[in-house]
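**Q** Counting from 36, one number per residue, gives the positions in the sequence shown under my numbering.
This is the structure, below, for whatever I ask next.
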Amino acid sequence: MEFMKKMTFSELERAMTAARLVGEKLYGIIVFTRDSFKRYYTQQERSYLVDNMTSMHFQPGAASDAIVGDCLDEADFGARLDRCMKEEGWVPEYCYLVEHTCRYCKYLHSLKPDSEAYVCNMGWIISPLCLDKKKCKDWKCKELREEKHVTKSCYYFAEVPEPGSFGKAEALKASNLISAKREASRKSCFYWTTLVIGTELNEDGFIKPESVLASKIDGKWEDYEC
Numbered sequence: 036m037e038f039m040k041k042m043t044f045s046e047l048e049r050a051m052t053a054a055r056l057v058g059e060k061l062y063g064i065i066v067f068t069r070d071s072f073k074r075y076y077t078q079q080e081r082s083y084l085v086d087n088m089t090s091m092h093f094q095p096g097a098a099s100d101a102i103v104g105d106c107l108d109e110a111d112f113g114a115r116l117d118r119c120m121k122e123e124g125w126v127p128e129y130c131y132l133v134e135h136t137c138r139y140c141k142y143l144h145s146l147k148p149d150s151e152a153y154v155c156n157m158g159w160i161i162s163p164l165c166l167d168k169k170k171c172k173d174w175k176c177k178e179l180r181e182e183k184h185v186t187k188s189c190y191y192f193a194e195v196p197e198p199g200s201f202g203k204a205e206a207l208k209a210s211n212l213i214s215a216k217r218e219a220s221r222k223s224c225f226y227w228t229t230l231v232i233g234t235e236l237n238e239d240g241f242i243k244p245e246s247v248l249a250s251k252i253d254g255k256w257e258d259y260e261c
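Right, dumping it as structure tokens:
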């Protein structure tokens, strides 16, 4: 298996599917072209980590064609890349396989979807049987990062008929406003509606006007100071 070697998306598909058939978990990166987005994104912001166990696309005969990926800039988690490619025109520029080995812990080469395992700060899968928290610096960083995430603002999204109107909101997975806008845009279902992002809901499940951070009107986002 050649890691870090550039390949086409079709080549990544074949490698991922072949490994899935024998129960081997593989990780890969899909880098999308700059032209896939209306604004400029760095290479890191256009790169998504995928694996052949989470994404049913790589399982022959699966009912779902889902490809689930996490952006390497940590601003977009659980993105449905298959929908982005089909509905938003995201085009893979190139792909490559990555080897998830930990500097401090033994590498568990093959994982079943329901296996218990830990993920260290670098994204490496670690077997709980060989985990040594005293030596694994990456794990320590992971714990600190997760503790910090608890205090982050929660972003909510609502799609409303026109500016100033209200609609039921749903929580977003985004960790910052930029990724919240991207996630909300993908979740919108109708043309010519207004998208609203805020941080607080009232008792009826609507976004509180005073907590609104941004709205998208006629396809253009506008930020507000709160």
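Virtual Cβ for every residue (Gly too), placed ideally from N, Cα, C.
Only a predicted model underlies this, so the values are computations on that prediction, with no experimental measurement involved.
Just how far apart, CA to CA, sit lysine 251 and threonine 228?
**A** By 1-based counting over the sequence shown, the position of residue 251 is 216. By 1-based counting over the sequence shown, the position of residue 228 is 193. Going by the C-alpha atoms only, they are around 8 Å apart.
**Q** Quick check on the burial criterion: 16 or more other C-beta atoms within 10 angstroms. Buried or exposed for lysine 170?
**A** Mapped onto the sequence shown, residue 170 falls at position 135. Low local confidence applies: a pLDDT of 45 at lysine 170 is under 50, so the model's placement there is unreliable, and no value is given.
**Q** Give the range of the beta strand (DSSP E) segment to which isoleucine 213 is assigned.
**A** On the sequence shown, position 178 is the one that residue 213 refers to. No beta strand (DSSP E) holds isoleucine 213; the alpha helix (DSSP H) holding it covers 212-222.
**Q** Per DSSP, which one or two residues make a beta bridge with threonine 68?
**A** The count along the sequence shown starts at 1 and reaches residue 68 at position 33. Its beta-bridge partners do not exist; DSSP assigns none.
**Q** Return the Cβ separation of tyrosine 191 and leucine 207 in integer angstroms, given the expectation that the two are a contact with Cβ distance under 8 Å.
**A** For the purposes of this step, residue 191 is taken as residue 156 along the sequence shown, with counting starting at 1. For the purposes of this step, residue 207 is taken as residue 172 along the sequence shown, with counting starting at 1. The pair is a contact, with the Cβ atoms about 7 Å apart (cut-off 8 Å).
**Q** Flag this pair as touching only if the region 120-128 and the region 90-97 have three or more C-beta atom pairs under 8 Å; answer yes or no.
**A** With a cut-off of 8 Å, the region 90-97 and the region 120-128 do not count as touching, because too few Cβ pairs lie within range.
**Q** Identify whether arginine 115 lies in helix, strand or coil by the three-state DSSP scheme.
**A** Taking the first residue of the sequence shown as 1, we reach residue 115 at position 80. Reduced to three states, the DSSP call for arginine 115 is strand.
**Q** Please work out which residues of its chain come closer than 7 Å, Cβ to Cβ, to serine 223, disregarding the five sequence neighbours upstream and downstream, and give them in chain order.
**A** Along the sequence shown, one-based indexing puts residue 223 at 188. Contacts found: Glu194, Leu230.
**Q** Along the beta strand (DSSP E) that carries leucine 229, what are the first and last residues, could you check?
**A** Residue 229 sits at position 194 when you count from the first residue of the sequence shown. Contrary to the premise, residue 229 reads as threonine rather than leucine in this sequence. It spans 229-233 - the beta strand (DSSP E) in which threonine 229 sits, taken as one unbroken run.
**Q** When you compare only the Cα positions, how much space is there between alanine 98 and glutamate 245?
**A** Reading the sequence shown from its first residue, position 63 is the one you call residue 98. Reading the sequence shown from its first residue, position 210 is the one you call residue 245. Spanning the two alpha carbons is a distance of roughly 43 Å.
**Q** In whole angstroms, give me the CA-to-CA distance for aspartate 258 and lysine 203.
**A** Working through the sequence shown from its first residue, we reach residue 258 at position 223. Working through the sequence shown from its first residue, we reach residue 203 at position 168. Approximately 21 Å between the Cα atoms of the pair.
**Q** Count the other CB atoms, across all protein chains shown, that sit within 10 Å of the CB of aspartate 239; report buried if there are 16 or more and exposed otherwise.
**A** Stepping through the sequence shown from its first residue, residue 239 is reached at position 204. Under this definition aspartate 239 is an exposed residue.
**Q** Which term fits serine 150, buried or exposed, when burial requires 16 or more other beta carbons within 10 angstroms of its beta carbon?
**A** Locating residue 150 in the sequence shown gives position 115, where the first residue counts as 1. Confidence at serine 150 is low in this model, with a pLDDT of 45, below 50, so its placement is unreliable and no value can be given for it.
**Q** Is glutamate 122 helix, strand or coil by DSSP?
**A** Taking the sequence shown and counting its residues from 1, one reaches residue 122 at position 87. Correct three-state label for glutamate 122: helix.
**Q** So for proline 244, helix, strand or coil by DSSP?
**A** Translated into the one-based positions of the sequence shown, residue 244 becomes position 209. The answer is helix: DSSP assigns proline 244 an H, G or I state.
**Q** With distance defined between alpha-carbon atoms, name the residue in Tyr129, Val85, Thr89, Ser200 nearest to serine 71.
**A** Here residue 71 is taken as the residue at index 36 of the sequence shown, counted from 1. Nearest C-alpha to serine 71: Tyr129.
**Q** Using the three-state DSSP reduction, which class does glutamate 46 fall into: helix, strand or coil?
**A** By 1-based counting over the sequence shown, the position of residue 46 is 11. Three-state DSSP puts glutamate 46 in a helix.
**Q** Distance check for serine 82 and glycine 104, CA to CA, integer angstroms please.
**A** One-based indexing of the sequence shown puts residue 104 at position 69. One-based indexing of the sequence shown puts residue 82 at position 47. When rounded, the distance between both Cα atoms is 9 Å.
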